[in-house]
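A.B. asks: Let me begin by handing over the structure; questions about it come next.
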Amino acid sequence: MDGRPHAEALRRGRYSEPGRIYLVTTVTRDRTPVFQDLWAARALIGTLRYADRENHAETLAFVVMPDHLHWLMSLGEVESLSTVVRSIKAVTSRRLGHAVWQPGFHDRALRREEELLPIARYIAANPLRAGLVRKLGDYPHWDAVWL
Numbered sequence: 001m002d003g004r005p006h007a008e009a010l011r012r013g014r015y016s017e018p019g020r021i022y023l024v025t026t027v028t029r030d031r032t033p034v035f036q037d038l039w040a041a042r043a044l045i046g047t048l049r050y051a052d053r054e055n056h057a058e059t060l061a062f063v064v065m066p067d068h069l070h071w072l073m074s075l076g077e078v079e080s081l082s083t084v085v086r087s088i089k090a091v092t093s094r095r096l097g098h099a100v101w102q103p104g105f106h107d108r109a110l111r112r113e114e115e116l117l118p119i120a121r122y123i124a125a126n127p128l129r130a131g132l133v134r135k136l137g138d139y140p141h142w143d144a145v146w147l
C-alpha cells in the first residue's frame with residue numbers, strides 16, 4: 001500500500017470528455033500553505049494561463065488558496081483530464097523548485113445545463129469563508145470569466 005488509501009478511489013470512474021466542464025480540487029503535500037507566498041501563487045496562476053494558451057483547458061474560474069486549488073475548467077480536445085492536472089502540478093513544482101502537491105485530485109464533471117455562475121461564485125468566495133479576507137476584492141488569487 002502506498003499510504004494513500006483514497007488515491008485509487010479518486011481515480012475510479014474518472015472519465016475525460018473533451019469540452020466537458022470539470023470542477024477540480026487538488027491540495028498541497030501535507031496541506032502546507034505553499035501559496036501564502038505571492039510568488040508561488042502567481043507561478044500556479046501562470047501555469048493555469050499557460051494551459052489555456054496551449055488549449056489544454058479553458059479556465060472558467062479558479063481560486064488559489066494557501067494549501068489548495070479549486071479550478072473550474074472546460075477540458076481541451078487533446079489531453080485527458082488526468083494528464084492536464086498532472087502537467088499543471090508538475091510545472092508548478094518545477095517552477096517552485098520542490099514537490100508541492102499531494103498525489104491525486106478530486107474532480108466533478110458538470111453538465112452544461114448546470115448553473116455554472118453559482119459554482120464560480122462559490123469558488124471565488126472561498127477566501128471569505130476561510131476568513132482570509134473581509135471582501136472578495138481583497139484576495140488577489142482568483143478569477144472568473146463571469147465575475
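Using UniProt numbering, the first residue of the sequence shown is number 1, and each one after it goes up by one.
All C-beta atoms, glycine included, are put in the ideal place defined by N, C-alpha and C.
If Tyr22 sits next to Asp107, beta carbons under 8 Å apart, how far is it from one beta carbon to the other, in whole angstroms?
C.D. replies: Right, the Cβ-Cβ distance comes to about 5 Å (below 8 Å), so this counts as a contact.
A.B. asks: Please tell me whether His56 and Val100 are closer than 8 Å, where the distance is taken between their beta carbons.
C.D. replies: No, these two residues do not count as a Cβ contact at 8 Å.
A.B. asks: Hey, would you say Phe62 sits closer than 8 Å to Ile123, going by beta carbons?
C.D. replies: A contact, by the Cβ cut-off of 8 Å.
A.B. asks: Within 10 angstroms of its Cβ, does Pro118 collect 16 or more other Cβ (buried), or is it exposed?
C.D. replies: Exposed: under 16 other Cβ atoms inside 10 Å.
A.B. asks: To which residues of the same chain is Gln102 closer than 6 Å at the C-beta, ignoring the five residues directly before and after it?
C.D. replies: Cβ within range, chain order: Val27 and Arg29.
A.B. asks: Are the CB atoms of Leu75 and Arg20 nearer to each other than 8 Å?
C.D. replies: Contact flag set, yes.
A.B. asks: Tell me the DSSP secondary structure of Asp143 in three-state form.
C.D. replies: DSSP places Asp143 in strand when its eight states are reduced to three.
A.B. asks: For Ala144, which option in Ile88, Val133, Val64 and Glu79 has the closest C-alpha, if you only look at C-alpha atoms?
C.D. replies: Of the candidates Ile88, Val133, Val64 and Glu79, the one whose C-alpha sits nearest the C-alpha of Ala144 is Val64.
A.B. asks: Who are the Cβ neighbours of Leu132 in its own chain at under 7 Å, not counting the five residues just before and after it?
C.D. replies: Here the set comprises Tyr139.
A.B. asks: Measuring only between beta-carbons, confirm whether Ile123 sits less than 8 Å from chain C.
C.D. replies: Included in the structure is just one protein chain, with no chain C present.
A.B. asks: Within 10 angstroms of the Cβ of Leu38, are there 16 or more other Cβ atoms? Answer buried if so, exposed if not.
C.D. replies: Exposed, because fewer than 16 other Cβ atoms sit within 10 Å of the Cβ of Leu38.
A.B. asks: Starting from Asp107, follow the beta strand (DSSP E) in both directions and report where the run begins and ends.
C.D. replies: Its beta strand (DSSP E) spans residues His106 to Leu110.
A.B. asks: With distances taken between CB atoms, is the gap from Ser16 to Ser80 smaller than 8 Å?
C.D. replies: A contact, by the Cβ cut-off of 8 Å.
A.B. asks: Cα-Cα, which of Ala130, Gly137 and Glu115 is closest to Pro66?
C.D. replies: Out of Ala130, Gly137 and Glu115, Ala130 has the C-alpha closest to the C-alpha of Pro66.
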